[in-house]
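Protein chains: 2
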Amino acid sequence: MSRRSGILEFAVLGLLRESPMHGYELRKRLNTSLGVFRAFSYGSLYPCLKTLVERGWLTEEHETAAPSQEGERQDRQASLTGRRAKIVYKLTAAGKEHFEELLSHTGPDAWEDEHFGVRFAFFGQTSRDVRMRVLEGRRSRLEERLAKMRASLARTRERLDDYTLELQRHGMESVEREVRWLTELIETERTGRDLEAGDDAVPPPRRPGDAGGRPRHRGGTPPDPSDDTA
Amino acid sequence: MSRRSGILEFAVLGLLRESPMHGYELRKRLNTSLGVFRAFSYGSLYPCLKTLVERGWLTEEHETAAPSQEGERQDRQASLTGRRAKIVYKLTAAGKEHFEELLSHTGPDAWEDEHFGVRFAFFGQTSRDVRMRVLEGRRSRLEERLAKMRASLARTRERLDDYTLELQRHGMESVEREVRWLTELIETERTGRDLEAGDDAVPPPRRPGDAGGRPRHRGGTPPDPSDDTA
DNA sequence: GTTAGCATGTAAGGAGTTACATGATTTT
DNA sequence: AAAATCATGTAACTCCTTACATGCTAAC
Chain A
1 MSRRSGILEF
11 AVLGLLRESP
21 MHGYELRKRL
31 NTSLGVFRAF
41 SYGSLYPCLK
51 TLVERGWLTE
61 EHETAAPSQE
71 GERQDRQASL
81 TGRRAKIVYK
91 LTAAGKEHFE
101 ELLSHTGPDA
111 WEDEHFGVRF
121 AFFGQTSRDV
131 RMRVLEGRRS
141 RLEERLAKMR
151 ASLARTRERL
161 DDYTLELQRH
171 GMESVEREVR
181 WLTELIETER
191 TGRDLEAGDD
201 AVPPPRRPGD
211 AGGRPRHRGG
221 TPPDPSDDTA
Chain B
1 MSRRSGILEF
11 AVLGLLRESP
21 MHGYELRKRL
31 NTSLGVFRAF
41 SYGSLYPCLK
51 TLVERGWLTE
61 EHETAAPSQE
71 GERQDRQASL
81 TGRRAKIVYK
91 LTAAGKEHFE
101 ELLSHTGPDA
111 WEDEHFGVRF
121 AFFGQTSRDV
131 RMRVLEGRRS
141 RLEERLAKMR
151 ASLARTRERL
161 DDYTLELQRH
171 GMESVEREVR
181 WLTELIETER
191 TGRDLEAGDD
201 AVPPPRRPGD
211 AGGRPRHRGG
221 TPPDPSDDTA
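So the sequences go chain by chain: A and B. Per the UniProt record's numbering, the very first residue in the first sequence carries number 1; after that it's consecutive. Per the UniProt record's numbering, the very first residue in the second sequence carries number 1; after that it's consecutive.
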């Protein structure tokens, strides 16, 4: 019952697909990697993790155990962690499968504001045609919205005061801007080129590798004096 | 208890301040005038109206007087449920006072994403210094956010795949754009110049001049074949 | 004479938040 | 030794949505 999280569930599965993590770190990642769009609290994260485990999509590994028997402790400050986690969550095969299915399911939800952001964040794990469907779906959704806004504006212009008008103007410009962004992305996908920030002021010094495939990274997670949502 | 709506309550009071309305129209206005930011359904609107009445901020006026040709037909159940009651909601003195207080209360809520949009929509009913506080509060909120995003990006750049990176880049640009917009608005407020008076032919790009507090248009509201949220 | 739009509501529930409660480990 | 941060959780509540239920009135 309950906990049918849409976005949170999706994001958790997606992050855990990349590597196992415990709740605390998961939450930090949620609020930085995808955090522009959404911020989550423990109050929603932990219950969500719980039900994902219940459904068999995650396993818990209590690795805080072993209070008694402890022969060698060479792994303490050896390589990566340094910190030990209490409960490490890990994606099961079923969970992976489920996430894959969610990824390829391009229902009309997929282009709603918040859904779209999270989906985009996991585009690296999707096939190109799914990406295209989502990008185009999102774009036409925004174009619909634009049309309505224009119509509404034409009808009611006289009755609105300057601030309301300015608000609407700015809102429309934002939407137009996102449409242009999407169009660029779609074009990039279509021509099969790699993703490169085009009109940016400061082009990232990064060589884009393979856009179609594996985000394969796992290094030592650095101490990370990470932020919290203010 | 319950129904402590933040945004919806505020918006309803604000719209009713301009003129009395019944629920159906109210909802349309909510979803067009302020609709870029929020969409509300009847399921939240009507209960909200109810509690606002309970608190003495609104009055209901059951429209019963339907002067039709057949004089006997209308008074079947005249007082309470005439013909399918059309209820016009109207702001009371207390409600007006309460709204005024909400307007001038520039707590740290006022610059959160959705709150800000709705507040801005009613800027015409506020004093200049309140407007300034809200605009500047919003801007520094966004600048904080930008700083965090930059820091987080610098820390994690290598671990992110191209799509996540692009998402973050676009998000940051959006925020930067809003900051520039706010800066312009603040400047306009500060210099106090009201650009064009607005009664000449077609002033192309409109800036919010000084609304001075008066949105005093109320004419015959045209039939309005208005849209619904798709 | 039936669809389409106007108009008002309710019950159930979804998706999250806040505030609380607790304790371990590191840093100062 | 105190403060900060890491780490996990729960209960109560908020605010809104969906789906349902009803009925009027204009238009095609």
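For each residue, glycine too, the CB sits at the ideal point set by N, CA and C.
Query	Result
Going along chain A, which residues have a C-beta under 9 Å from residue 117 of chain B?	167 and 171
Can you tell me whether residue 191 of chain B is buried or exposed? The criterion is at least 16 other CB atoms within 10 Å of its CB, across all chains shown.	exposed
Among the residues of its own chain, which have a CB less than 8 Å from the CB of residue 34 of chain B, if the five just before and after it don't count?	11, 117, 118 and 121
How is residue 86 of chain A classed by DSSP in three states: helix, strand or coil?	coil
Check whether the segment 134 to 143 of chain A and the segment 177 to 185 of chain A touch, using three or more Cβ-Cβ pairs below 8 Å as the test.	yes
Assign residue 164 of chain A to buried or exposed, taking buried as 16 or more other Cβ atoms, counted over all protein chains shown, within 10 Å of its Cβ.	buried
Would residue 41 of chain B pass as an interface residue toward chain A - the criterion being a Cβ-Cβ separation below 8 Å?	no
What does the Cβ neighbour count give for residue 115 of chain B, buried or exposed, with the cut at 16 atoms within 10 Å?	buried
List the residues of chain B that residue 106 of chain A touches, going by C-beta distances under 7 Å, in chain order.	Near residue 106 of chain A there are no residues of chain B at all, since even the closest Cβ is about 16 Å away, more than 7 Å.
Who are the Cβ neighbours of residue 44 of chain B in its own chain at under 7 Å, not counting the five residues just before and after it?	8
With a threshold of 8 Å between beta carbons, is residue 156 of chain B in contact with chain A?	yes
Against residue 181 of chain A, what residues of chain B qualify as contacts under a CB-to-CB distance less than 7 Å, listed in chain order?	170
Compute the beta-carbon to beta-carbon distance between residue 49 of chain B and residue 23 of chain B, rounded to the nearest angstrom, for a pair I have assumed lies under 8 Å.	6 Å
Buried or exposed: which applies to residue 166 of chain B, given that a residue is buried once 16 or more other Cβ atoms fall within 10 Å of its Cβ?	buried
Since residue 172 of chain B sits in a beta bridge, which residues does DSSP pair it with?	None, per the DSSP bridge assignment.
Using a Cβ-Cβ cut-off of 8 Å, state whether residue 13 of chain A counts as contacting chain B.	no
Quick test of your reading: residue 146 of chain A and residue 185 of chain A, contact by CB under 8 Å. State the CB separation rounded to the nearest angstrom.	Going by Cβ atoms, the distance from residue 146 of chain A to residue 185 of chain A rounds to 18 Å, so no, they are not a contact pair.
What does the Cβ neighbour count give for residue 95 of chain A, buried or exposed, with the cut at 16 atoms within 10 Å?	buried
Could you spell out the range, first to last residue, of the alpha helix (DSSP H) harbouring residue 9 of chain A?	7 to 18
Taking DSSP as the reference, what is the three-state secondary structure of residue 98 of chain B?	helix
Out of A:106, A:172, A:6 and A:13, which has the shortest C-alpha to C-alpha gap to residue 97 of chain A?	A:13
With DSSP as the reference, label residue 54 of chain A as helix, strand or coil.	helix
Tell me, which residues are paired with residue 22 of chain A by DSSP?	A:88
Less than 8 Å between the beta carbons of residue 61 of chain A and residue 90 of chain A, yes or no?	yes
For residue 61 of chain B, which beta-bridge partners are listed by DSSP?	B:88
Could you tell me the distance, in whole angstroms, from the CA atom of residue 128 of chain B to the CA atom of residue 127 of chain A?	52 Å
In three-state terms, what does DSSP make of residue 202 of chain A?	A caution first: residue 202 of chain A carries a pLDDT of 39, below 50, which makes its placement in the model unreliable, though a value can still be read off. Coil, per DSSP.
So, are the CB atoms of residue 125 of chain A and residue 102 of chain A less than 8 Å apart?	no
Could you check whether residue 189 of chain A and residue 132 of chain A sit closer than 8 Å to each other, using their CB atoms as the reference points?	yes
Looking only at its chain, what residues have a beta carbon closer than 8 Å to the beta carbon of residue 25 of chain B, apart from the 5 residues adjacent to it on each side?	none
Report back the beta-carbon spacing between residue 58 of chain B and residue 16 of chain B to the nearest angstrom; my notes put them in contact at under 8 Å.	7 Å
Alpha carbon to alpha carbon, what distance is there between residue 168 of chain A and residue 201 of chain A?	Per-residue confidence for residue 201 of chain A stands at a pLDDT of 39, beneath the threshold of 50, marking its modelled position as unreliable; the derived number appears in the next sentence. The straight-line gap from Cα to Cα measures roughly 27 Å.
Whole angstroms is fine: what's the gap from residue 143 of chain A's alpha carbon to residue 28 of chain B's?	20 Å
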